[in-house]
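Chains as they are written, first to last, in our numbering: chain C, 10 to 234; chain R, 10 to 234. Beta carbons are placed, not taken as given, at the ideal position from N, Cα and C, and that holds for glycine.
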DNA sequence: GGGATTCTTCAGCTATTTTTCAGCTAGTTG
DNA sequence: CAACTAGCTGAAAAATAGCTGAAGAATCCC
């Protein structure tokens, strides 16, 4: 699956930072800009699928940025962020081309849900099934296939394989995998990654480790022809 | 069954919110707009099957919106909402292309009934009976069939089966099921979903759980050949 | 009001999954 | 080639998700 690119345009460092971390953790490619001008420039070059746009910014405000982005004509979803006391009709009306808005403070889950709704609308081809050579992951069914075979995976095995698949060709350290798949709150040893990699290899009939490669001292890499 | 898309155009936040929740809960895909202009823009992009349209709105009023929507020529049902003292002849005559109207305040059940009537007219292929392999749900009669057998289901069992059927092939978490079938105000344990799944399995003669599958750590999925 | 049905809770059980661990293997380095 | 280290492995122990039967509560219908 092609990764989804998200651009954040907000002058508040705290929020931006929070969003970057959260969204990257969800597997999005994230870039940010601190004001409208910058945002437009970034968008030009980065070509995001979705823009998260603060209404209240110094210089060009969110509405203006929104109009300009939409004018470019590229397929693009925009979600506006606004403080409770700034919800004016322009937002409610979504007149300037925004697709949705969220009132601060919002929960991260709320944002994710809205984003997914938007993306499903605009880019139905994304998000559904993940491909990597003979491997396919259908996240809606929560099933993984090797060629035609349905893999029987435990929850953690599934998440791990999904993470590897999303990052095929890239070396992932055990520490990183632990973070992404087990979550930051896990405080066991890295050995558990080795244990799970083994069971994945078994289920992928990857005895000679051609598919999930061990990069000694660095981590693991999913290689598919 | 293809899901039915409903667009709500109303400037009253309370009503909109109420309708969104209620209709989503019924399995419709819902979007909303707060005024006429926005409504037309949303309709363009969202392509709803049915529009619920308030007559009294700032700016463009319901009649105008109605005419414009109908002019687009796409197959589309429109239900107008109006206050008791605004019921004028234009509405009664449904001259501008609206298909039905409701006087506020109205009961949610009333609205659902009208919607279903409209949808049956315009999209006979939708709305009537839900099919999933050997399963069929006739929502009008509120009956479920397995092949030729009529299933004797309790109200909750029926709703649960309907929700699973509408989302066949997709993993649904217990939390989500709880939300959609029991409603967000329910605050019991997720165990109740397990209990109901069991009784559905029993009534579907699904002892080996091929039909309603448990996806450990994720939820349940209705699989039919 | 009372009988029938339905809803909800609960605790024990089971099967699966997760985690740990100790010993082992195989690269790497000097 | 010896010493060292990273990663592998099999198995045991711990934890947990989901299943189940039953019982009490709530609701419906006559």
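The alpha-carbon separation between residue 233 (chain R) and residue 151 (chain R) amounts to approximately 21 angstroms.
A Cβ-Cβ contact shorter than 7 angstroms links residue 202 (chain C) with residue 186 (chain C). The alpha carbon of residue 200 (chain R) has as its nearest neighbour, out of R:228, R:214, R:212, R:174, the alpha carbon of R:228.
Rounded to the nearest angstrom, the gap between the Cα atoms of residue 85 (chain C) and residue 204 (chain R) is 44 angstroms. Within chain C, the residues placing a beta-carbon under 8 angstroms from that of residue 178 (chain R) are 149, 150, ordered along the chain.
Residue-level contact by beta carbon fails for residue 52 (chain R) and chain C, as no gap is shorter than 7 angstroms. Straight through space, the alpha carbons of residue 183 (chain R) and residue 77 (chain R) are spaced by roughly 43 angstroms. Sequence-distant Cβ neighbours of residue 17 (chain R) in its own chain, meaning closer than 6 angstroms and more than five residues away, are 25, 28, 41, 61. In the DSSP assignment, residue 86 (chain R) forms a beta bridge with R:59.
Residue pairing of residue 14 (chain C) in beta bridges, as defined by DSSP: C:38. Nearest CB-CB separation between residue 141 (chain R) and chain C: not below the 7 angstroms threshold. As summarised for the segment 111 to 189 of chain R, the continuous beta strand (DSSP E) elements at least 3 residues long and confined to that stretch are 138 to 141, 144 to 147, 152 to 155, 158 to 160, given in chain order. DSSP, reduced to helix, strand and coil, places residue 31 (chain C) within a helical segment of the structure shown. As a beta-bridge residue in DSSP terms, residue 228 (chain C) pairs with C:224. Under the three-state reduction of DSSP output, residue 92 (chain R) falls in the strand class.
One alpha carbon belongs to residue 33 (chain R), the other to residue 145 (chain R), and they sit about 21 angstroms apart. The beta-carbon of residue 164 (chain C) is placed less than 7 angstroms from the nearest beta-carbon of chain R. When rounded, the separation of the alpha-carbon atoms in residue 132 (chain R) and residue 56 (chain R) is 14 angstroms. The beta-carbon of residue 48 (chain R) is placed no less than 7 angstroms from the nearest beta-carbon of chain C. What residue 226 (chain R) touches in chain C, judged by beta-carbon distance under 7 angstroms, is 164, going in chain order.
The continuous alpha helix (DSSP H) containing residue 71 (chain R) extends over residues 71 to 80. Beta-carbon to beta-carbon, residue 164 (chain C) and residue 225 (chain R) are separated by about 6 angstroms, close enough to satisfy the 8 angstroms threshold.
CA-CA distance, residue 49 (chain R) to residue 49 (chain C), rounds to 27 angstroms.
Exposed is the label assigned to residue 217 (chain C), since fewer than 16 other Cβ atoms lie within 10 Å of its Cβ.
For residue 109 (chain C), the pairing in a beta bridge is given by DSSP as C:88. Contact between residue 73 (chain R) and residue 45 (chain R) is confirmed by a C-beta separation of about 6 angstroms, below the 8 angstroms threshold. Rounded to the nearest angstrom, the gap between the Cα atoms of residue 177 (chain C) and residue 213 (chain R) is 41 angstroms. If you look at residue 204 (chain R), you'll find it in the alpha helix (DSSP H) that goes 200 to 212. Taking a Cβ-Cβ threshold of 7 angstroms, the residues of chain C close to residue 230 (chain R) are 150, in chain order. Residue burial is scored here from C-beta neighbours: residue 147 (chain R) has fewer than 16 other C-beta atoms within 10 angstroms and is therefore classed as exposed. Contact between residue 90 (chain C) and residue 19 (chain C) holds: their C-beta atoms lie close to 7 angstroms from each other, under 8 angstroms.
Comparing alpha-carbon positions, the option among R:166, R:141, R:149, R:169 lying closest to residue 156 (chain R) turns out to be R:141.
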